[in-house]
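Enquirer: This is the structure I have questions about; it appears just below.
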Amino acid sequence: MALSPSEAKRTEVVIVASAFGADAIRRDGHAVWAGAAARAGADGFEVRRELLADEADARPEALAQLGSQIRAHGLWAVYSTPATLFRDDGSLDIAALRLAIDEAAALGARIVKLQLGGTESSVATDPATLDRLMTGVAASKARVVVENGQLKAGGTIGAFEALFAALPEASGLAMTFDTGNWHWAEQDPLDAAKRIAPHVAYVHCKAVMGEGARRFAAAPANGDARFATLLAQLPGDVPRGIEYPFIAGAGADGSLDADAERQVARIAAF
Numbered sequence: 023m024a025l026s027p028s029e030a031k032r033t034e035v036v037i038v039a040s041a042f043g044a045d046a047i048r049r050d051g052h053a054v055w056a057g058a059a060a061r062a063g064a065d066g067f068e069v070r071r072e073l074l075a076d077e078a079d080a081r082p083e084a085l086a087q088l089g090s091q092i093r094a095h096g097l098w099a100v101y102s103t104p105a106t107l108f109r110d111d112g113s114l115d116i117a118a119l120r121l122a123i124d125e126a127a128a129l130g131a132r133i134v135k136l137q138l139g140g141t142e143s144s145v146a147t148d149p150a151t152l153d154r155l156m157t158g159v160a161a162s163k164a165r166v167v168v169e170n171g172q173l174k175a176g177g178t179i180g181a182f183e184a185l186f187a188a189l190p191e192a193s194g195l196a197m198t199f200d201t202g203n204w205h206w207a208e209q210d211p212l213d214a215a216k217r218i219a220p221h222v223a224y225v226h227c228k229a230v231m232g233e234g235a236r237r238f239a240a241a242p243a244n245g246d247a248r249f250a251t252l253l254a255q256l257p258g259d260v261p262r263g264i265e266y267p268f269i270a271g272a273g274a275d276g277s278l279d280a281d282a283e284r285q286v287a288r289i290a291a292f
């Protein structure tokens, strides 16, 4: 018997910490805003390493405490680091991978996310490199994903396509598909989705406004058919992260809560 729409499991939605504002996260700490994410109805909360106020906050005991606070709000965690999996010359940075995995383990994260990195066109895919990569990924309890960034290096469709084509199907490595970052790297998001959707395990959702260096992330417009078409090309059973700024309400406290709650419902329903 088919499930009714009300019975069907809705798409899990993660709020990326930066959606509440980088300054607010650095000022108040991730734990405070995890509470706001829970009030908004999110399922998960993405901790951003670059928004930790101090390097001491990345120590295992500090991350373990933060992870406990996130779980106390009924949320699961994503751990995001700006570190790249591959160096500028295309070689594997196994130390960066191990550090990200260790920090994600301390947090108790379900997903650990790095940037792809590499050259503008490729990353190393020789057998020795792939073996080291898979061995490193296998050590992680969290799902290891690499994200398309805003630079050509680590942001082209071809680089992701070549890496996943070289890896065996059960490599353990997957992708975070950022719907907006492709524009900065001058790539077509819909083309990217058609070519690499089977490898996507997490989606970062945002629309892009402006042109060139003046681009900025924004909420998808109501009735944005292109955004809806893009999401339809991606797996429907993977978490969707909100990575665009919430807009403060008109109330006396200027709270972001109302918009956060509205955006969680919108992204789940797209």
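Okay, so the sequence shown: first residue is 23 according to this note's numbering, each after it adds one.
Even glycine gets a Cβ: it sits at the ideal position worked out from N, Cα and C.
Nothing here was measured: the structure is a model prediction, and the numbers come from that model.
#1: Among 288, 178 and 277, which one has its Cα closest to the Cα of residue 293?
#2: Please identify the residue among 133, 32, 34 and 70 whose C-alpha is closest to the C-alpha of residue 104.
#3: Using the beta-carbon count (16 or more within 10 Å), is residue 216 buried or exposed?
#4: Which whole-angstrom value is the C-beta distance of residue 138 and residue 108, which I expect to be below 8 Å?
#5: Count the other C-beta atoms from every protein chain shown that fall within 10 angstroms of the C-beta of residue 177, then say buried if there are 16 or more, exposed otherwise.
#6: I need the boundaries of the alpha helix (DSSP H) containing residue 89, first residue and last residue.
#7: Nearest CA to the CA of residue 96: which residue from 60, 219, 173 and 141?
#8: Quick test of the definition: if touching needs 3 or more C-beta pairs under 8 Å, does the segment 82-97 touch the segment 115-122?
#9: Between which two residues does the alpha helix (DSSP H) harbouring residue 54 extend?
#10: At which residues does the beta strand (DSSP E) containing residue 139 begin and terminate?
#11: Starting from residue 37 and walking both ways along the beta strand (DSSP E), at which residues does that stretch end?
#12: Find the nearest neighbour of residue 13 within the set 260, 188 and 247, judged by alpha-carbon distance.
#13: Leaving aside the five residues before and after residue 183 along the sequence, list all residues of the same chain whose C-beta is less than 7 Å from its C-beta, in chain order.
#14: From residue 86 to residue 50, what does the alpha carbon distance come to, in whole angstroms?
#15: Where does residue 23 sit, in a helix, a strand or coil, going by DSSP?
#16: Nearest-angstrom Cα distance between residue 233 and residue 239?
#17: In whole angstroms, what is the alpha-carbon distance linking residue 45 and residue 265?
#18: With distance defined between alpha-carbon atoms, name the residue in 268, 251, 263 and 173 nearest to residue 290.
#19: How would you call residue 251, buried or exposed, if buried means at least 16 neighbouring beta carbons within 10 angstroms?
Expert: In this structure, then:
#1: The structure shown does not extend to residue 293, since the chain is modelled only from 23 through 292, so no value can be given for it.
#2: 70
#3: exposed
#4: 6 Å
#5: Counting Cβ neighbours within 10 Å, residue 177 comes out buried, since at least 16 surround it.
#6: 82-94
#7: 60
#8: They do not touch, by the three-pair rule.
#9: 52-61
#10: 133-139
#11: Following the DSSP letters along the chain, one finds residue 37 inside the beta strand (DSSP E) bounded by residues 35-38.
#12: Residue 13 lies beyond the range of the chain shown here (23 to 292); nothing can be said about it.
#13: Here the set comprises 217 and 218.
#14: 18 Å
#15: Because the pLDDT at residue 23 is just 40, under 50, the model does not fix this residue reliably, and the point stays unresolved.
#16: Straight across, the Cα-Cα distance linking residue 233 with residue 239 is about 11 Å.
#17: The alpha-carbon atoms of residue 45 and residue 265 are separated by roughly 15 Å.
#18: 263
#19: exposed
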